[in-house]
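2 protein chains.
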Amino acid sequence: MTTASELRDAALEEFASAGYLGTSIQAIAARASVSKASVLYHYSSKETLLDAALSPAIDAIAALLPRTVQLSGTDADRHDFLVGFVDLLMQHRLAAQIFITQSGALVDVPVVARAQQIIQQIAAARPQQTVDDQVRFAVALGGAAYLLAQAGAYGVEAAPDDVQLRDSLIRILDELLAPVTAS
Amino acid sequence: MTTASELRDAALEEFASAGYLGTSIQAIAARASVSKASVLYHYSSKETLLDAALSPAIDAIAALLPRTVQLSGTDADRHDFLVGFVDLLMQHRLAAQIFITQSGALVDVPVVARAQQIIQQIAAARPQQTVDDQVRFAVALGGAAYLLAQAGAYGVEAAPDDVQLRDSLIRILDELLAPVTAS
DNA sequence: ACGGTAACTGACCGATCGGTCAAGTTCTGA
DNA sequence: TCAGAACTTGACCGATCGGTCAGTTACCGT
Numbered sequence: 002m003t004t005a006s007e008l009r010d011a012a013l014e015e016f017a018s019a020g021y022l023g024t025s026i027q028a029i030a031a032r033a034s035v036s037k038a039s040v041l042y043h044y045s046s047k048e049t050l051l052d053a054a055l056s057p058a059i060d061a062i063a064a065l066l067p068r069t070v071q072l073s074g075t076d077a078d079r080h081d082f083l084v085g086f087v088d089l090l091m092q093h094r095l096a097a098q099i100f101i102t103q104s105g106a107l108v109d110v111p112v113v114a115r116a117q118q119i120i121q122q123i124a125a126a127r128p129q130q131t132v133d134d135q136v137r138f139a140v141a142l143g144g145a146a147y148l149l150a151q152a153g154a155y156g157v158e159a160a161p162d163d164v165q166l167r168d169s170l171i172r173i174l175d176e177l178l179a180p181v182t183a184s
Numbered sequence: 002m003t004t005a006s007e008l009r010d011a012a013l014e015e016f017a018s019a020g021y022l023g024t025s026i027q028a029i030a031a032r033a034s035v036s037k038a039s040v041l042y043h044y045s046s047k048e049t050l051l052d053a054a055l056s057p058a059i060d061a062i063a064a065l066l067p068r069t070v071q072l073s074g075t076d077a078d079r080h081d082f083l084v085g086f087v088d089l090l091m092q093h094r095l096a097a098q099i100f101i102t103q104s105g106a107l108v109d110v111p112v113v114a115r116a117q118q119i120i121q122q123i124a125a126a127r128p129q130q131t132v133d134d135q136v137r138f139a140v141a142l143g144g145a146a147y148l149l150a151q152a153g154a155y156g157v158e159a160a161p162d163d164v165q166l167r168d169s170l171i172r173i174l175d176e177l178l179a180p181v182t183a184s
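Residue numbers (our numbering), protein chains in the order written: chain L, 2 to 184; chain S, 2 to 184.
Next comes the structure, spelled out in C-alpha cells:
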C-alpha cells in the first residue's frame, strides 16, 4: 500500500527475475512508477532494499530453526517440520528463489550471510549419519526448494495456494527422509 | 595449456563463484595473468567467453537427450539414464552450477537459452503421469543438480571422482523414481 | 492560515563496465 | 634473414551504475 512496501515488492520481483546485480535501482523505480531518487529516499541503498525484501523470509526460516530437533524425533515430528519447511518455501517463493540462485554470489551481503548461516544450522541439526542419509537430506530439501523456486521457469505454475502440489511435496519428502529401517 | 583454454577455465570458475554479471573481464584477465585487452583478443566479447565455458557441458547434456526414452523403459534402462545424468553433473560441476543459479537471469543469452530448451525436452520426455510422479521427477533431478552444484557452499566437497557420493546419489534417485507399483 | 516535516524529483558526480584501437612484441615458416 | 601472422598491451571511449544534493511539492497538526 505505502510507497515503501510497493518498492519492497517491486524489488523482490525484480531481484528474483533479473538477479540482484542485474537489477538497477532505476528498474525498480520504474516498476513502482517513482523516480530513482525516490527509491533512495525510502531505502538508503540498494543493499538496504535487498535486506528489506529478504528479511521476512529469513525471519520465517529462523523461526523454523528450533523445530529442527524434530528431525531426530518420531515420524510425526519429522512430518511437522517438513510441513513448516514446505509452507515456508511456498509463502516466500520469490525470496527463496533469490536465495537459492544468488546466495553464492552475494555472500558479502550481511542479510544473505545470515540466511546462509541459518541454513547451515538446519543442515547441521541432522544427526550424523551415513552418506546415504546426508544425500537423502540434501536432495529432499534442495530438490523441494529448487522445484518451487524455479517452477515458473519451466511452465509449471506454483501458486502459493496449490494444495495438491503442497501435499504431494510433503508426502514425497516424508518418504525420502523416513528411516530405511522402517521400510 | 593455451592462453585461450586458460581463459576459458578462469571464466568458468569466476562465472560460477561470482556470477556472470558479477564477473568483470578484468577479473578473468587477472586470474589468467593477462591484460583485459588480451582476453578480448581471444574471445570477441564476454558473452562469447560464456559460450565457450558452457558449450562442453551443453554438448554433453544434448548427447544425453536421446537416452531419455529410457525413462519409460525397464528399471535397468532408467538406471542407465540416471548414471549418465549424475556423471554429467559431476564432470561439468561448474557449468551446472552456472546454469542452475543463473539460467533465469541469462535467458537472453543464446547459449543459456539452448541449454534451457534441452532441459525442457528432458522434462517433457517423462510420460504424462500424476502430480506425485512429476514432483518425484523434479525433486530427484533438481535435488541432485542443486546438491552437486552448491555442495561447496556448505563445506561439503564434491570431488569429481567421489565414487561414494556418486553411488549414493544414483541409488537414491533410482529409489525415488521407481514406479510405486514396484514397492 | 501557516510552519514544519515528510515525500519526491532532476541534475549531477565519480567509478566501473564492456569494448575499440593503434602500436609494440613475439613467434614462425620459407 | 625477414616478412607476415599471431599475440599482447596501455590508453581511451561511451554508457550505465549506485549514490548525493539542493530545491520543490504535498501533507498535517495547531
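The beta-carbon is built from N, C-alpha and C at its ideal position, and this holds for glycine as well.
{"Asked": "Would you tell me roughly how many angstroms separate the C-alpha atoms of residue 47(L) and residue 9(L), rounded to the nearest one?", "Found": "11 angstroms"}
{"Asked": "Rounded C-beta distance between residue 87(S) and residue 171(S)? I'm assuming under 8 angstroms.", "Found": "5 angstroms"}
{"Asked": "Could you tell me whether any Cβ in chain L is nearer than 8 angstroms to the Cβ of residue 69(S)?", "Found": "no"}
{"Asked": "Can the beta-carbon of residue 149(L) be found less than 8 angstroms from the beta-carbon of residue 159(L)?", "Found": "yes"}
{"Asked": "Below 8 angstroms on the Cβ atoms is my guess for residue 141(L) versus residue 166(L); work out the distance and round it to an integer in Å.", "Found": "Actually they do not touch by this definition, with Cβ atoms about 15 angstroms apart."}
{"Asked": "Find the residues of chain S that neighbour residue 118(L), judging by a C-beta separation of less than 7 angstroms, and give them in chain order.", "Found": "Ordered by position in chain S, no residue passes the 7 angstroms Cβ test against residue 118(L), which lies about 11 angstroms from the chain."}
{"Asked": "Relative to the C-alpha of residue 60(S), which residue among 45(S), 25(S), 116(S) is closest?", "Found": "116(S)"}
{"Asked": "For residue 97(L), collect the residues of the same chain with a Cβ closer than 7 angstroms to its Cβ; drop the 5 residues on either side in sequence, then sort them by chain order.", "Found": "58, 90, 146, 149, 150"}
{"Asked": "If you follow the alpha helix (DSSP H) that residue 35(L) is part of, which residue opens it and which one closes it?", "Found": "Residue 35(L) -> no alpha helix (DSSP H), and no H or E assigned at all."}
{"Asked": "Does DSSP put residue 80(L) in a helix, a strand or coil?", "Found": "helix"}
{"Asked": "Which bits of chain S does residue 26(L) rub up against, with CB to CB less than 9 angstroms?", "Found": "The premise fails here: residue 26(L) is roughly 15 angstroms from chain S at the closest Cβ pair, so nothing lies under 9 angstroms."}
{"Asked": "Is the number of C-beta pairs between the region 3-18 of chain S and the region 31-50 of chain S that are closer than 8 angstroms three or more?", "Found": "yes"}
{"Asked": "Relative to the alpha-carbon of residue 68(L), which residue among 55(L), 83(L), 28(L) has its alpha-carbon at the smallest distance?", "Found": "83(L)"}
{"Asked": "Please report the distance separating the alpha-carbon of residue 18(S) from that of residue 106(L).", "Found": "6 angstroms"}
{"Asked": "Please say whether residue 50(L) and residue 22(S) have beta carbons closer to each other than 8 angstroms?", "Found": "no"}
{"Asked": "Hey, quick one: how far does the alpha helix (DSSP H) through residue 68(S) stretch, first residue to last?", "Found": "Residue 68(S) -> no alpha helix (DSSP H), and no H or E assigned at all."}
{"Asked": "Have a look at residue 163(L) and residue 134(L) and give me their C-alpha separation to the nearest angstrom.", "Found": "29 angstroms"}
{"Asked": "Residues in the same chain with beta-carbon distance under 8 angstroms from residue 114(L), minus the five sequence neighbours each way, listed in chain order, please.", "Found": "108"}
{"Asked": "List, in chain order, every chain L residue whose beta-carbon is nearer than 7 angstroms to that of residue 137(S).", "Found": "173"}
{"Asked": "Please report whether the beta-carbon of residue 140(L) lies at a distance below 8 angstroms from any beta-carbon of chain S.", "Found": "yes"}
{"Asked": "Straight-line CA distance for residue 101(L) to residue 136(L)?", "Found": "18 angstroms"}
{"Asked": "Roughly how many angstroms separate the alpha carbons of residue 42(S) and residue 111(S), rounded to a whole number?", "Found": "21 angstroms"}
{"Asked": "Out of 104(S), 66(S), 72(S), 94(S), which has the shortest C-alpha to C-alpha gap to residue 138(S)?", "Found": "72(S)"}
{"Asked": "The alpha helix (DSSP H) that contains residue 13(S), what's its start and end?", "Found": "4-19"}
{"Asked": "For the alpha helix (DSSP H) containing residue 110(L), name the first residue and the last one.", "Found": "No alpha helix (DSSP H) holds residue 110(L); DSSP gives it neither H nor E."}
{"Asked": "Using the Cα positions of residue 55(S) and residue 94(S), report the straight-line distance between them to the nearest angstrom.", "Found": "11 angstroms"}
{"Asked": "Measuring only between beta-carbons, confirm whether residue 133(S) sits less than 8 angstroms from chain L.", "Found": "yes"}
{"Asked": "Could you give the residue range of the alpha helix (DSSP H) that holds residue 150(S)?", "Found": "132-151"}
{"Asked": "With a threshold of 8 angstroms between beta-carbons, can residue 3(S) be considered close to chain L, or not?", "Found": "no"}
{"Asked": "Taking the alpha-carbon positions, what's the residue 132(S) to residue 122(S) distance?", "Found": "18 angstroms"}
{"Asked": "Is any beta-carbon of chain L found at less than 8 angstroms from that of residue 144(S)?", "Found": "yes"}
{"Asked": "Taking the beta carbon of residue 6(S) as the centre, do at least 16 other beta carbons fall within 10 Å, making it buried, or is it exposed?", "Found": "exposed"}
{"Asked": "What's the call for residue 74(S), buried or exposed, on a 16-neighbour Cβ count within 10 Å?", "Found": "exposed"}
{"Asked": "Need the endpoints of the alpha helix (DSSP H) that residue 102(S) sits in, please.", "Found": "94-103"}
{"Asked": "Does residue 162(L) come out as helix, strand or coil in the three-state DSSP assignment?", "Found": "coil"}
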